[in-house]
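In my numbering, the protein residues as written are 218 to 697.
Glycine included, each C-beta is placed from N, C-alpha and C at the ideal position.
Please read these numbers as outputs of a predicted model, since none were measured by experiment.
Read the structure below first, then the notes.
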């Protein structure tokens, strides 16, 4: 007889059928009442041992954290707090958990700080908070693939190892097999990367976009969903050195098409978790409300978690040019009263999170798409507008988080792309293949990037991006 997931057991009617469940002990009271959980649901299953039903040798092995296989009869619960319970007939102990050692871990019943939980990232998924976060993360991941599959996209695997810097920022992790103590040198005394594994300098990718563009120009619509890396020394609650990116690229899409897709995509995946993760979202919402009670009123969110998700799903995104946004911000009360940390004084400023949140939460009171940004603050591959100073870029801004999506119509004109690369001193030989795409049937095309952890952060209400990825990689931290 196969074991049944606890989530399914809890949804069954109490028909007195025999069940087998596996899981980890959450609590054990009075040598009779076991709370067990297998990760399939937030709720524990109560299993009741009858008096003298099991010998003392078995009972002493049932401790918090121990892994058990329980066989018994599913019946209507006699106690409060649960609809069904299992009358235990037999227990097999898969693995013991020493009670004294458990007290030193996140598995102990007492409440722990998120910082302490990060120090035991290999165990924190067994807590209610991280079990809920990771189930929501999984549901979002499924919803993303499902959306693109239903909308005619092909899943494209971008290379992790690359010789190009898609963002032009230079914040990349170098890959080499050369001896770090005695690398081969050129006649000029520089490291001779021609003797390296790939015969050139290579790095971990910061984006799969450029390669995805190549495949969009043959398959029409593709998307990447994979790990990306930034060697950016930003030790903040919003940055990771390793994170996952969703990057669709579409041939024959202009900026308006791109914005339409991004809005529909976001609404679809958030609708999915609202429908399929209600229990976990309600738990995370309560956790967030309890946490915010300790904050000053001014720092508390205006909306509960589920209301915030509904806010995005139910509202049309307001589309505003960068120029309009600058005028709004320049004339806003926070700017005039010098409340912004970064005052807005002139056109061309790179907007900060405080500006983006003001536009979403205070001014428009709905999600916002900003577009037509100054060329000087955007990447080389974005299509230059006829004014010569702005590009067909767009960012989507969310409440509580600011920018969540960045995208653009790509520069399809070979001569203009060459001019932009030359101005930024990007060698043509490094991206010869990217320029080739403009020689053989060039066409209007667009795409966007969405940091998956930023989306999970928004959907779960967690305050630190390190708490929405299983094993965070950050400056000075590559534990586990």
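- Taking residue 413 as the centre and dropping the five residues before and after it, the same chain places the C-beta of 393, 394, 395 and 419 closer than 8 Å to its C-beta, in chain order.
- Judged by DSSP secondary structure, residue 666 falls within the beta strand (DSSP E) whose first and last residues are 662 to 668.
- Short of 8 Å from the beta carbon of residue 448, and not among the five residues preceding or following it, lie these beta carbons of its own chain, in chain order: 388, 389, 390 and 458.
- The DSSP-derived three-state label of residue 456 is coil.
- Inter-residue distance for residue 300 and residue 293 is about 6 Å (C-alpha atoms, whole angstroms).
- In the three-state reduction of the DSSP assignment, residue 551 falls in the helix class.
- Boundaries for residue 482: no beta strand (DSSP E) harbours it, while the alpha helix (DSSP H) harbouring it runs 472 to 493, taken from the DSSP string.
- Where residue 638 is concerned, the enclosing alpha helix (DSSP H) starts and stops at 631 to 640.
- For residue 564, the three-state secondary structure derived from DSSP is coil.
- Distances from the CA of residue 424 to each of 619, 580, 455 and 460 were compared; the closest alpha carbon is that of 460.
- Within the DSSP bridge table, the entry for residue 238 names 287 as partners.
- With distances taken between CA atoms, residue 263 lies nearest to 285 out of 656, 285 and 275.
- Collapsing the DSSP output to three states places residue 420 in a strand.
- When 624, 644, 335 and 258 are compared, the shortest CA-CA separation from residue 694 is found for 335.
- With contacts defined as CB atoms closer than 8 Å, residue 268 and residue 497 fail to qualify as a contacting pair.
- In this structure residue 288 is in contact with residue 237, their Cβ atoms being roughly 5 Å apart against a cut-off of 8 Å.
- Residue 367 sits in a helix when the DSSP states are folded into three classes.
- Looking only at 485, 553 and 577, the smallest Cα-Cα distance to residue 519 is reached by 577.
- For the pair of segments examined, the segment 522 to 540 was found to touch the segment 490 to 509: the number of CB pairs separated by less than 8 Å reaches three.
- Unbroken beta strand (DSSP E) stretches of 3 residues or longer found wholly inside the segment 300 to 372: 301 to 312, given in chain order.
- DSSP places residue 610 inside the beta strand (DSSP E), whose first and last residues are 607 to 615.
- Around the beta carbon of residue 468, 16 or more other beta carbons lie within 10 angstroms, which makes this residue buried.
- Going by DSSP, residue 626 is part of no alpha helix (DSSP H) but of the beta strand (DSSP E) stretching over 619 to 626.
- Within the same chain, and ignoring the five residues on either side of residue 530 in sequence, the residues whose Cβ sits closer than 6 Å to its Cβ are 484, 487 and 488.
- Residue 528 carries a helical assignment under DSSP once its states are collapsed to helix, strand and coil.
- In the DSSP assignment, the residues bridged to residue 402 are 408.
- Taking 8 Å as the cut-off, the beta carbon of residue 261 is found closer than this to the beta carbon of residue 243.
- Counting along the chain, the unbroken beta strand (DSSP E) around residue 535 starts and ends at 535 to 538.
- Secondary-structure assignment with DSSP links residue 650 through no beta bridge to anything.
- Taken atom to atom, the span from the alpha-carbon of residue 590 to that of residue 430 is near 21 Å.
- Taking the Cα positions, residue 692 is about 49 Å away from residue 305.
- Within the model, the alpha-carbon separation for residue 662 versus residue 552 is close to 37 Å.
- Per DSSP, the unbroken beta strand (DSSP E) holding residue 254 starts and ends at 250 to 254.
- Rounded to whole angstroms, the gap between the alpha carbons of residue 522 and residue 623 is 23 Å.
- Burial check for residue 313: the Cβ neighbour count within 10 Å stays below 16, so the residue is exposed.
- Counting the other CB atoms within 10 Å of its CB gives residue 668 a total of 16 or more, which places it among the buried residues.
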